[in-house]
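**Q**
Numbering (our numbering), first residue to last: 21 to 216.
1. Apart from the five residues on each side of it in sequence, which residues of its chain come closer than 8 Å, Cβ to Cβ, to residue 30?
2. Please return the same chain residues whose Cβ sits closer than 7 Å to the Cβ of residue 214, not counting the five positions on each side in sequence.
3. Beta carbon of residue 144, beta carbon of residue 204: below 9 Å?
4. What's the C-alpha gap between residue 85 and residue 52?
5. Can you tell me which of 167, 33, 39 and 68 puts its alpha carbon nearest to the alpha carbon of residue 81?
6. Nearest to residue 126 by alpha carbon, out of 109, 60 and 158?
7. So is residue 60 buried or exposed if we call it buried at 16+ other beta carbons inside 10 Å?
8. Quick check on residue 183: does DSSP put it in helix, strand or coil?
9. Can at least three beta-carbon pairs, one atom from the stretch 115-123 and one from the stretch 185-196, be found at a separation below 8 Å?
10. According to DSSP, what are the bridge partners of residue 119?
11. Give me the Cα-Cα distance between residue 26 and residue 157, rounded to the nearest whole angstrom.
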């Protein structure tokens, strides 16, 4: 019964990135920002990696008990990052679909992305502070690694240059994965009870 319960949660979590991308595309089209949406590879392609990450999460996450701190951090960080991007959008050569043209005001797609970012970042932090319980953790870590790398690589395509903020975020994410591995691999006795 627990497997069925986790499977239902996994499917629902996996649908959230797809819903986010779909809603952003829908609102971008309605607000005449579809060209900007199509140029944003990180959202169109990389965010869909979280479909697979989220699908595995119920099977690897031990507890969501420390939810408040990751959620609070995610809210604050996501708001600050979107404000930073909004200021960059005012005089940008290429505008973002997340904002109204030449403005720091969020578009409807931008609000969807802000809510999605808060949600997904909370899940990522919960994963990063959880112990390694099975080989599925390594699959999820690989998905996160690919996301952080693609975020840095797509930065130039999206912004006409690689943003320092994207490099910093990618390096922090990859460093967090390495630190998690180093901390929990020392306690790898539980790894023998692998799901795979």
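Ideal placement from N, C-alpha and C gives every residue a C-beta, glycine not left out.
**A** Looking at the atomic coordinates:
1. Contacts found: 74, 75, 76, 77, 78 and 79.
2. Note on residue 214: pLDDT 48, under 50, position unreliable in the model; the coordinate value appears next. So the list reads 154 and 155, once near-sequence residues are dropped.
3. Their beta carbons are not under 9 Å apart, which means residue 144 does not touch residue 204 by this criterion.
4. Here the C-alpha atom of residue 85 lies approximately 42 Å from the C-alpha atom of residue 52.
5. Ranking the options by Cα distance to residue 81, first place goes to 33.
6. Comparing Cα-Cα distances from residue 126 to each of 109, 60 and 158, the minimum goes to 109.
7. Residue 60 is classed as buried because its beta carbon has at least 16 other beta carbons within 10 Å across all chains shown.
8. Here residue 183 sits in coil by DSSP.
9. Not touching, per the Cβ criterion.
10. In DSSP, residue 119 forms a bridge with 126.
11. Straight-line Cα distance between these residues: approximately 16 Å.
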